[in-house]
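Asker: One structure, as structure tokens, below. Some questions next.
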Amino acid sequence: MTEITYTNLLNRTLELYLQEDYMNAYNFITDNADKVKGNQAQIYNFRYSIACKANLNDLAMKILREAVVEKGYWYSYEYLMGDEDLKPLHNYSYFKKLTNLCQERENQARKDCKPDLKVVKPDNLVENEKYPLVIALHGNQENIELTEGYWKTCLKPNNILALPQSSQIEFSEAYNWNDLEKGVSELKEHYQELLNLNNVNPDNIIIGGFSAGARISLYAVLKEIIEVKGIILVGPWLPEIEEWETLLDKLISRGIKFYIVCG
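As structure tokens, then:
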């Protein structure tokens, strides 16, 4: 049997959810929750939301309580109060206590959250020798740890891998790039920091990203905020693509190789 990944788990669960096959969706994600490496807070979120859709409201409250009280996760207060799937939980007195607790954690997390960057170097790196650099940006509701798992093969042969993480936190260990200008500004700072590393070859940099991370990556290159040799966009989310059409033509004149991966 093929090993399931975190992304496989979420995608298949969503597929069943959209088919309104709520019980099978709940059972699938619950049965496989411990078999994947990913954001468990997100998996809990899927489980209690789908349990509600399956009219398992007591179970949904139990799962939400476990996530918040026992695991220490938090979810956006606006999401908890506004999501239609969770409306049945509003009838539980304990739901209000959980939402208030989440709001306290959310306020503190947004206050403390800062851009982050992880740099992974090949094991056989030679001091003062210059190496190609791959910069990979996570998608929305993801983080450095998830991204590293998908991009770590870029370390071969002898590449340095840089993994920026947005300061825009959405819930426990889940970050987004919803603010385009803020995301690009943070990427620019990371880029400058990376250029100061002794082992980075400034003429051999590739930037990539998944979904909303692809949007930030492409925009930063189109606006010439960063200079790269190539771009790799995986399942890109590009709502402004028509507005950027004239800028895209300039990639050819600048000699930038461009790849889009979808599947």
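Count the sequence shown with my numbering and you get residues 348 to 610, in order.
Every residue, glycine too, gets a C-beta built ideally from N, C-alpha and C.
1. Which full runs of the alpha helix (DSSP H) of 4+ residues lie inside the stretch 392-422, going along the chain?
2. Just to confirm the assignment, what range does the beta strand (DSSP E) spanning Lys465 have?
3. Could you check whether Ala388 and Tyr420 sit closer than 9 angstroms to each other, using their CB atoms as the reference points?
4. Is DSSP giving Val547 helix, strand or coil here?
5. Determine, using beta carbons only, whether Gly496 and Gln515 come nearer to each other than 9 angstroms.
6. Below 8 angstroms, can you find three or more Cβ-Cβ pairs linking the stretch 586-606 to the stretch 518-525?
7. How about Leu403 and Ile376: are their beta carbons less than 9 angstroms apart?
8. To test your reading of the DSSP string, which unbroken alpha helix (DSSP H) runs of 4 or more residues are found completely within the stretch 455-534?
9. Are the CB atoms of Leu598 and Leu580 nearer to each other than 9 angstroms?
10. Helix or strand or just coil, what does DSSP make of Tyr439?
11. Would the stretch 451-461 count as touching the stretch 415-434 if we require 3 or more Cβ pairs under 8 angstroms?
12. Rounding to the nearest angstrom, what Cα-Cα distance links Gly582 and Glu489 in this structure?
13. From Met348 to Asn546, what distance separates their C-alpha atoms?
Answerer: Working from what's here:
1. 404-412
2. Start and end: Asp463 to Val467.
3. yes
4. strand
5. In this structure, Gln515 does not lie closer than 9 angstroms to Gly496 by Cβ.
6. no
7. no
8. 491-498
9. no
10. coil
11. The answer is yes - the stretch 415-434 touches the stretch 451-461, with three or more Cβ pairs under 8 angstroms.
12. 14 angstroms
13. In this predicted model, Met348 has a pLDDT of only 45, less than 50, meaning its place in the structure is not dependable enough to derive any value.
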